[in-house]
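One structure is given below, encoded as structure tokens.
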DNA sequence: CACACAATGCTCATTGCGAGCATATTGAGG
DNA sequence: CCTCAATATGCTCGCAATGAGCATTGTGTG
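Protein chains in written order, with the working numbering: chain P, 111 to 459; chain R, 111 to 459.
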């Protein structure tokens, strides 16, 4: 337990900056600690992987690299994040983007809790797998290890019909707890939309919505850990993906959803590629991120036609067939089009 | 000045939760204060407006409704925000969405500063203008009051050629300051893309990029207030939009950009509409948000064809011409399409 | 040297969308 | 009542983007 002295009282003048006209608010605001978390993503051997830190002393839960934000040392969140990641993993991040700030970390904290409150700011970082050294490989895990139901590369994952959908259907039919916020959309419909049942289309971007639904229904281990009531009512459930520390799986879900959305309108896919690549390698990388197979010829037409790439003049010979032209990212596309990206249609299966 | 006692030291055990394996980090992290800020948007008489609080005692700067996050009172950020807004303005918010967390508030704080560090979490809220009472009208201002260059409803705003572009061109040609981060994209190209010169297309979603460019170039008052070096080198510049308190204009820029992007793939436009409306009223609202004129017949085809609306059976007669059918938002569309929205193509002029 | 395997080139039907013409209904003014 | 201005609404045409599939070109291998 942390002593009461750690709950700092913010002086009046600080509050005044918020409410110079003296509104009704008078209470003092305790300070909080800000945790910076990075979901560092790469594509390694056609598998989307995320960097994790194993924590042997806490039952082997995986965690994202993270550390507290210190305004005395870090000028910006992003700067602080880069410092932490560099210290903890040795990686120098390239592309970094803020995802979301979670105020109800792990949702386990009670309002009267005396623990210093921790707020999570999640970040997405994309890295070329070529940077990963052999010795570091063990620290990277497929993101489908944590979200098996998101992996549609071999068709609809069996875990959906076998484990998830029946339990969600049952949950949807149970009466809601009193005090639970009335949702504008019924449970039934949320399940239908999120998990593509009864003819609804699978939307690969709804990663977070699906995870939060499973959490609400008490079907992921984090819900049980955090003591959700709904979870207590449950018979033992098979492990639906690997648990992570704190709210890190939620942050990772946000990261996956954002990556899947973003490659469609920003050329961030090239952050995951080596400097030179064949068009088919590019396609495999996109498929690793999004899921199902794309039409090869059309993918080529799309990418070339959009001016996203240009040939380097070199060839790759060991393709197993005819040699392939090597391409590089064509940076000028950023100056030509307002929203360049791999505009693959959602809802393919 | 705030006494040193206000810089709370976080105890070791708190840090340990971040770094159980004992990495190299040992310094203590001071706590920070989290400010919640709301950009509350409505469309009033075909004008996009934002709720502002006037602050007569600080030179009349406008501010967004805001208040500190208190984990003791607020279970979530969003809950805290709703409480603050309700207390300060009497508004009960409907649609609310988190925008971004700004760690370098106002960018004026130095790393060695002893002021309690304030982090801004910005939110976007959308409201039906019908909720606004007559007496409250004075608290709402057109968002183009703060961003005149964003208003393309009467064609390309004159302020661009007259004031902005020439100064930006000059700024782009000046050598960068030493110590300034080397940007992957040259100043010249950033100006070109952001402000649609030399044949580049105007991207109405790049609101934040444009504001940040003007800030960097020292052309908005906030930059001068915050003591940017670049700004000091400048001869007096005409007022480019109205300044706001702290980083509120940056938050508003984020809000505008997000709104413009979001109505294209989520039916949030209906948060701004009364329960019944004509298709032309809907079009005017979209145009207020996005800018230029849309083709009336095609807009109708788009909206009806996407199943976004359904006729109520009622008619509106005082249209100035033939009476118009009244429509309502068709909620079922959420269950049918993965990303329903007013899919207007960007880059129209 | 034929074959398997990929890479690459091209066609064709369908759809989506920009643009404009045409018609239907009102209220206002003579 | 009649005409006109203004708006609502319906429909067509043509181009561009896209999904799907066939055909051809090069390499490595047995």
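Think of the CB as a built atom: it goes at the ideal place given N, C-alpha and C, for glycine as much as any other residue.
How far does the alpha helix (DSSP H) with residue i in it extend, from its first residue to its last?
i              : result
residue 393(R) : 389 to 400
residue 367(R) : 358 to 372
residue 276(P) : 275 to 283
residue 197(P) : 187 to 199
residue 411(R) : 406 to 415
residue 270(P) : Residue 270(P) -> no alpha helix (DSSP H), and no H or E assigned at all.
residue 443(R) : 443 to 446
For the beta strand (DSSP E) that residue i lies in, which residues bound it at each end?
i              : result
residue 212(P) : 205 to 212
residue 147(P) : 143 to 154
residue 261(P) : Residue 261(P) -> no beta strand (DSSP E), and no H or E assigned at all.
residue 172(R) : 171 to 173
residue 337(P) : Where residue 337(P) is concerned, there is no enclosing beta strand (DSSP E), given that its DSSP letter is neither H nor E.
residue 176(P) : 176 to 178
Just checking: is the beta-carbon of residue i within a distance shorter than 8 Å of some beta-carbon in chain P?
i              : result
residue 179(R) : yes
residue 128(R) : In this prediction, residue 128(R) scores a pLDDT of 48, lower than 50, which makes its location untrustworthy; the coordinate-derived value is nonetheless stated afterwards. With 8 Å as the cut-off, residue 128(R) counts as an interface residue toward chain P.
residue 321(R) : no
residue 353(R) : no
residue 233(R) : no
residue 405(R) : no
residue 237(R) : no
residue 385(R) : no
residue 210(R) : yes
residue 229(R) : yes
residue 433(R) : no
residue 192(R) : no
residue 282(R) : no
residue 270(R) : no
residue 186(R) : yes
residue 148(R) : no
Tell me whether residue i is buried or exposed, calling it buried when 16 or more other Cβ atoms sit within 10 Å of its Cβ.
i              : result
residue 175(P) : buried
residue 264(P) : exposed
residue 198(R) : buried
residue 361(R) : buried
residue 276(R) : exposed
residue 358(R) : buried
residue 260(P) : buried
residue 172(P) : buried
residue 295(R) : exposed
residue 246(P) : exposed
residue 285(P) : exposed
residue 268(R) : exposed
residue 424(P) : exposed
residue 241(R) : exposed
Any beta carbon from chain R within less than 8 Å of residue i's own beta carbon?
i              : result
residue 144(P) : yes
residue 174(P) : no
residue 135(P) : For residue 135(P), the predicted structure reports a pLDDT of 38, less than 50, and the residue's modelled location is therefore unreliable. A value from the coordinates is still provided. With 8 Å as the cut-off, residue 135(P) counts as an interface residue toward chain R.
residue 295(P) : yes
residue 357(P) : no
residue 336(P) : no
residue 313(P) : yes
residue 364(P) : no
residue 425(P) : no
residue 450(P) : no
residue 213(P) : yes
residue 444(P) : yes
residue 299(P) : yes
residue 453(P) : no
Is residue i close to the ligand PLP? I mean its beta-carbon at under 7 Å from any heavy atom of the ligand.
i              : result
residue 212(R) : Summarising the ligand content, the structure contains no ligands, and the ligand PLP is consequently not present.
Who does residue i pair with in a DSSP beta bridge?
i              : result
residue 437(P) : 387(P) and 421(P)
residue 251(R) : 160(R)
residue 245(R) : Answer by DSSP bridge pairing: none, since residue 245(R) is not bridged.
residue 233(R) : 148(R) and 208(R)
residue 165(R) : 171(R)
residue 316(P) : None, per the DSSP bridge assignment.
residue 228(R) : 143(R)
residue 303(P) : Paired residue(s): none; residue 303(P) is not in a bridge.
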